[in-house]
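In the numbering used here, the protein residues as written are 1146 to 1548.
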């Protein structure tokens, strides 16, 4: 049976897992997972209400996250003939190349409605449409007025917010759709076989605008859409909002990647749970602890001590020392090999030979007590130590030996 504390921890893990799974149902209203002004946003400046109202009115409206060149290619097919493309206050305006593709498509029969963004967050307001000599420029000051002049509606309580105005040198082919304070706020004009509607502010399409008073603003927004709609389907572009919004960590909070983000968080939680608990009984260590060379030497010395034999370690040490000195191969040159060592030790070569001779004699004996073996090994170690020391008079010693 699990202890109470452990059971409580398991409940905490379970609650955390349920909360993460519930994030799939989008119940966090304060979590901004995209631009605040697109057709997915429920903020005041968002345009989700406009999208829903258009769909409820029976329009064939859709949203697209495709890149503009790809979207234009799909709109150019016979299935989407005479379609309408809407750019409603995008986070960035099309590039020169994208404008070229759009206007080529409009010239072939497409319909375009573009609304300027309302200069939010210090973003650039003005833009111009290549080939039309028409664009939106900043007004002297931002204004809000209820005096809206529009031929599309004869009555209603309107409110219009804008910090821009439409400028065009030629007004002969322009249809004025909205005019306030003596400035053009929405116009329509033909281009080739297509039609273009330009709006100086995207406020009219916002959630805040559509909820105004007697919903006259909502009706006006639909009338502006009617001016551009040709009955071939309406596509609201969201790729400019997605690519124009700064992304760092917020990329994982985008609607498209949000399910993947939740799955990664769930996987991370399950991994943490797995690494924080024990499954089954504790297993014995599969690899035994390794002993170092000192342990090995101590064990070998203990075996020699218990056996009472000192001849074996003496014989091994003597053999190793003779191998280092190469006495077995030197033979006639033994004098020259031992002379420098004897000089460093302050002894004669004969004394060094006597140590080796006695060591060989004891090593060949059948039984040798530990005390004697230790004494002989100590003397041999002194010879080995002298062998390792640098030869101060080696050149002189070699010269004497040669003579």
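Even for Gly, the Cβ is constructed at its ideal location relative to N, Cα and C.
Residue i, DSSP secondary structure in three states
| i | result |
| --- | --- |
| residue 1300 | coil |
| residue 1493 | coil |
| residue 1270 | coil |
| residue 1233 | strand |
| residue 1443 | helix |
| residue 1482 | helix |
| residue 1382 | strand |
| residue 1450 | helix |
| residue 1169 | helix |
| residue 1502 | helix |
| residue 1222 | Legend: pLDDT at residue 1222 = 48, less than 50; position of this residue unreliable, value from coordinates given subsequently. Here residue 1222 sits in coil by DSSP. |
| residue 1509 | helix |
| residue 1393 | Low per-residue confidence applies at residue 1393: pLDDT is 48, beneath 50, and the placement is therefore not dependable, though the value from the model is reported in the following sentence. If DSSP states are grouped into helix, strand and coil, residue 1393 belongs with coil. |
| residue 1189 | coil |
| residue 1153 | helix |
| residue 1585 | A question about residue 1585 goes unanswered here, because the residues of the chain that appear run from 1146 up to 1548. |
| residue 1426 | coil |
| residue 1227 | coil |
Rounded C-alpha distance that separates residue i from residue j
| i | j | result |
| --- | --- | --- |
| residue 1223 | residue 1165 | With a pLDDT of 45 at residue 1223, under the threshold of 50, the modelled position of that residue is not reliable, and the figure given next carries that caveat. Taking the straight line joining both Cα atoms gives about 45 Å. |
| residue 1290 | residue 1303 | 8 Å |
| residue 1346 | residue 1377 | 25 Å |
| residue 1331 | residue 1418 | 59 Å |
| residue 1191 | residue 1362 | 15 Å |
| residue 1333 | residue 1406 | 43 Å |
| residue 1479 | residue 1497 | 11 Å |
| residue 1279 | residue 1312 | 6 Å |
| residue 1212 | residue 1341 | 20 Å |
| residue 1255 | residue 1305 | 28 Å |
| residue 1228 | residue 1273 | 22 Å |
| residue 1443 | residue 1451 | 12 Å |
| residue 1186 | residue 1366 | 17 Å |
| residue 1318 | residue 1277 | 11 Å |
| residue 1316 | residue 1404 | 50 Å |
| residue 1155 | residue 1420 | 13 Å |
| residue 1258 | residue 1217 | 14 Å |
Cβ neighbour criterion (16 or more within 10 Å) applied to residue i
| i | result |
| --- | --- |
| residue 1592 | Nothing can be reported for residue 1592: it is not among the residues displayed for the chain, which extend from 1146 to 1548. |
| residue 1521 | buried |
| residue 1298 | exposed |
| residue 1489 | buried |
| residue 1324 | buried |
| residue 1507 | buried |
| residue 1252 | exposed |
| residue 1356 | exposed |
| residue 1182 | buried |
| residue 1200 | exposed |
| residue 1491 | exposed |
| residue 1250 | buried |
| residue 1238 | buried |
| residue 1314 | exposed |
| residue 1447 | exposed |
| residue 1501 | buried |
Residue interval of the alpha helix (DSSP H) (run including residue i)
| i | result |
| --- | --- |
| residue 1182 | Unbroken run through residue 1182: none, as it is neither H nor E. |
| residue 1212 | Premise fails: residue 1212 is in no alpha helix (DSSP H) and is neither H nor E. |
| residue 1417 | 1403-1420 |
| residue 1201 | 1193-1201 |
| residue 1517 | 1515-1533 |
| residue 1463 | 1456-1470 |
| residue 1242 | 1241-1252 |
| residue 1355 | 1352-1355 |
Run of the beta strand (DSSP E) containing residue i, from where it starts to where it stops
| i | result |
| --- | --- |
| residue 1553 | For the chain, the structure presents residues 1146 to 1548; residue 1553 sits outside this window and is missing. |
| residue 1371 | Looking at the DSSP string, residue 1371 is not in any beta strand (DSSP E); the run it does join, the alpha helix (DSSP H), is 1361-1373. |
3 or more residues per run - each beta strand (DSSP E) lying fully within the region 1278-1350 | The region 1278-1350 is shown to contain whole beta strand (DSSP E) runs of 3 or more residues at 1279-1290, 1305-1312, 1320-1325, 1328-1336 and 1339-1344, in chain order.
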